[in-house]
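So the protein lines, in turn, are chains A and B.
For the first sequence, our numbering assigns the number 72 to the initial residue and increments by one for each residue that follows.
For the second sequence, our numbering assigns the number 72 to the initial residue and increments by one for each residue that follows.
Yeah, the Cβ is synthetic: ideal placement off N, Cα and C, and Gly gets one too.
Protein chains: 2
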Amino acid sequence: MATEEEQFLQDYAPREYPSVALTVDLVVFAVKASTLHAAFVRRGGHPFKGALALPGGFVGPDEDALTAAWRELQEETGLELGAHRAHVEQLATYSSPGRDPRMRVVSVAHLALLATDGSALPALNPGTDTEAAQWMPVYEVLANETLAFDHRGILTAALDRLAGKIEYTLTAARLLPEEFTLYQLRRVYQAVWNTDKLDAGNFTRKMTGALRDTGRKVLRDKGAPAALFTVRDEYLSPPMMRPV
Amino acid sequence: MATEEEQFLQDYAPREYPSVALTVDLVVFAVKASTLHAAFVRRGGHPFKGALALPGGFVGPDEDALTAAWRELQEETGLELGAHRAHVEQLATYSSPGRDPRMRVVSVAHLALLATDGSALPALNPGTDTEAAQWMPVYEVLANETLAFDHRGILTAALDRLAGKIEYTLTAARLLPEEFTLYQLRRVYQAVWNTDKLDAGNFTRKMTGALRDTGRKVLRDKGAPAALFTVRDEYLSPPMMRPV
DNA sequence: AAAATAGTGTCTCTGAGACATTATGTG
DNA sequence: CACATAATGTCTCAGAGACACTATTTT
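Next comes the structure, spelled out in structure tokens:
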């Protein structure tokens with residue numbers, strides 16, 4: 072049996088099959104000043120010269136798409152894994168034959184969330200020789216900028232996914248440090264949903280069930296001190312509702 | 072400007088880049104007798120000889136993954152598009168380097184839903200030369216069968232997606248004819264969730280808001296006649312809740 | 001009439017939103 | 001004390017589930 076299988080693998084003659092170049096595209100989100108930002112690259116060459124594009128790169132022969140996405144994220148931010156907390160998940164795959172006029176490129180888009188305290192964005196690598204990635208406000212980009220390839224569709228898909236997911240999970244906490252106040256969390260929701268209509272009191276009550284109070288408090292410029300929370304482990308990525 | 076771009080496209084020398092074979096895998100669901108079924112192929116050759124596998128095939132050079140999924144679905148069922156109503160959507164992409172021991176194959180998994188009246192499954196093509204696809208009960212397969220490659224993961228991902236999606240959309244109606252009774256719809260929910268605990272009365276009240284009563288009724292063996300409904304257009308794929 | 005099924009009524013509980021109120025800090 | 005913010009209380013409303021009840025068919 073083992074021999075039959077070995078035989079097969081040896082006999083197997085690589086057939087004619089269509090082959091494609093496989094890449095990952097990243098939508099990297101982070102929040103500053105209650106505004107949702109994403110990392111973009113300004114294209115210096117054709118096609119789509121001068122337009123904004125999402126960072127990305129080829130998937131190596133010995134890695135899967137998720138590994139490649141983490142590697143690209145690290146190359147772009149220079150983050151030591153674990154220094155910045157990060158969350159990466161697959162979004163969707165874009166395979167339209169004409170999406171890159173130069174050749175057949177199939178791209179697995181990923182959603183990446185970087186933690187910030189809401190006051191500053193993570194540093195981006197100044198870029199080797201190629202153009203460096205830069206943070207830009209997502210809603211302004213969507214309103215005013217031209218995006219290369221099918222990257223507008225990828226960006227809106229990522230935004231929809233994030234906006235939907237924080238409705239029923241605590242994924243929003245992945246955009247914050249390990250410990251955070253309800254004020255910070257609320258600002259993340261406002262950033263993602265591009266709104267300022269979130270009642271602070273109701274928000275507190277709604278969230279505290281899935282959070283753990285560290286007992287410590289932190290002060291702001293004015294007002295009462297705010298409690299520091301962490302996400303209760305059982306609510307980290309899975310649903311906040313439907314507690315199994 | 073046009074010249075500069077043309078110049079670039081001409082000058083563009085195809086670089087060295089890793090290339091992969093791109094395929095689609097299909098999880099095709101249909102319901103019979105309140106039991107969720109999926110289409111499988113029994114493997115006749117190595118690797119995974121004798122195990123069950125999902126149907127699928129290569130993505131052609133001039134089609135995207137979704138088009139290839141529709142083509143494979145048609146080849147497998149012999150359905151004239153529109154004769155059987157069908158729903159196909161992208162699920163996720165599987166790109167682990169070792170997932171096929173023969174070569175580097177990246178597969179875009181798709182979820183397909185076929186309409187039945189709940190009493191019989193759509194015919195599957197008897198297969199050209201290769202093994203024909205066959206319907207099998209999903210929960211029994213997951214409990215008792217060995218699945219080839221990473222197809223167990225794909226199948227459970229498809230099932231999770233479907234089970235979750237029918238909670239807040241009317242996607243379940245894609246497993247039924249254009250017009251259906253609440254009894255049929257309830258049986259679909261029971262099939263997908265593998266349960267029989269759905270109160271008929273509450274189910275009716277919950278669903279009727281998103282349905283349109285055709286005014287016609289249909290009889291069963293016993294009991295009162297049941298009204299025929301269709302899905303109100305505005306609720307077809309998008310959410311039943313959150314009415315914008 | 002008896003049985004089975006379709007559909008409605010009723011009650012309770014829970015969660016969300018609107019909004020007021022109390023508590024705790026700073027200048 | 002004035003002010004700002006955190007957190008809680010209160011009220012209302014809508015939706016879901018448990019369960020009883022009525023209506024409509026077949027045998």
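Terminal residues of the beta strand (DSSP E) in which H158 of chain B lies: A157 to Y165
Mind checking who K103 of chain A pairs with in its DSSP beta bridge? A:T106
For A92 of chain A, which residues from the same chain have a beta carbon less than 8 Å from its beta carbon, with the 5 sequence-adjacent residues on both sides left out? F129, M174, R175, V176 and V177
Verify the CB distance criterion: does Q81 of chain B have a CB-CB separation below 8 Å to chain A? Note that Q81 of chain B scores 46 on pLDDT, short of 50, meaning its location in the model is unreliable and no value can be drawn from it.
Of the residues B:H155, B:T285, B:D96 and B:V209, the one placed nearest D188 of chain B, counting alpha carbons only: Ranking B:H155, B:T285, B:D96 and B:V209 by Cα distance to D188 of chain B puts B:H155 first.
Give me the DSSP bridge partner(s) of R317 of chain B. Lying outside 72 to 315, the shown extent of chain B, residue 317 of chain B is not represented and no answer is given.
Cα separation between L247 of chain A and N273 of chain B? Rounded to whole angstroms, the gap between the alpha carbons of L247 of chain A and N273 of chain B is 41 Å.
What does the alpha-carbon distance come out to for the pair F300 of chain B and K288 of chain B? 9 Å
Buried versus exposed, by CB contacts within 10 Å (16 or more), A194 of chain B: Flag for A194 of chain B reads exposed.
Considering only the beta carbon of each residue, do H108 of chain A and P197 of chain A sit closer than 8 Å? In this structure, P197 of chain A does not lie closer than 8 Å to H108 of chain A by Cβ.
What residues in the stretch 90 to 104 of chain B bring their beta carbon closer than 8 Å to a beta carbon of chain A? Cβ proximity to chain A below 8 Å picks out S90, V91, A92 and L93 from the stretch 90 to 104 of chain B.
Candidates B:D171, B:A228 and B:Y165: which alpha carbon is nearest V99 of chain B's? Looking at the Cα atoms, B:A228 is the closest of the given residues.
Show which residues of chain A have a CB atom less than 9 Å away from the CB atom of Y306 of chain B. Those within 9 Å of Y306 of chain B in chain A number zero; the least Cβ separation is about 17 Å.
Residues from the stretch 169 to 181 of chain B in contact with chain A, defined by Cβ distance under 8 Å: P172, R173, M174, R175, V177 and V179
Does the beta-carbon of S166 of chain B have 16 or more other beta-carbons within 10 angstroms, so that it is buried, or is it exposed? The residue in question, S166 of chain B, is buried, as its Cβ has 16 or more Cβ neighbours within 10 Å.
By the DSSP assignment, the beta strand (DSSP E) with G286 of chain A in it spans what residues? Per DSSP, G286 of chain A belongs to the beta strand (DSSP E) from L282 to V289.
CA-to-CA distance, H181 of chain B to T136 of chain B, given in whole angstroms: Sequence inspection shows Ala at residue 136 of chain B; the Thr mentioned does not correspond to that position. If you draw a straight line from the Cα of A136 of chain B to the Cα of H181 of chain B, it is about 9 Å long.
For the stretch 215 to 270 of chain A, list the beta strand (DSSP E) runs that are entirely contained and at least 3 residues long, ordered along the chain. none
Partners in chain A for E146 of chain B, counting only beta-carbon separations shorter than 8 Å: Chain A residues near E146 of chain B: none, gap ~17 Å exceeds 8 Å.
On the DSSP letters alone, give me the boundaries of the alpha helix (DSSP H) that A140 of chain A sits inside. A136 to T148
Suppose you measure from the CA of D183 of chain B to the CA of A191 of chain A; what does that come to, to the nearest Å? A small correction: the amino acid at residue 183 of chain B is Ala; Asp does not occupy that position in the sequence shown. The alpha-carbon separation between A183 of chain B and A191 of chain A amounts to approximately 44 Å.
Compute the beta-carbon to beta-carbon distance between Y260 of chain A and I237 of chain A, rounded to the nearest angstrom, for a pair I have assumed lies under 8 Å. 6 Å
For a contact defined as C-beta to C-beta under 7 Å, what are the partners of A136 of chain B on chain A? Residues of chain A passing the Cβ test: T164 and S166.
Look up L185 of chain A in the DSSP assignment and say whether it is helix, strand or coil. strand
Opposite A203 of chain B in the DSSP bridges: which residues? DSSP output for A203 of chain B lists no bridge partner at all.
Using a Cβ-Cβ cut-off of 8 Å, state whether P132 of chain A counts as contacting chain B. yes
Taking only beta carbons into account, state which residues of the stretch 244 to 274 of chain B come closer than 9 Å to chain A, listed in chain order. Using a CB distance below 9 Å, no part of the stretch 244 to 274 of chain B faces chain A.
Let me check one thing: in DSSP terms, what residues is V177 of chain A bridge-paired to? Per DSSP, A:L93.
Check distances from the C-beta atoms of the stretch 208 to 241 of chain B to those of chain A and list, in chain order, the residues that come in under 8 Å. none
Would a check of beta-carbon distances place Q161 of chain A closer than 8 Å to chain B? yes
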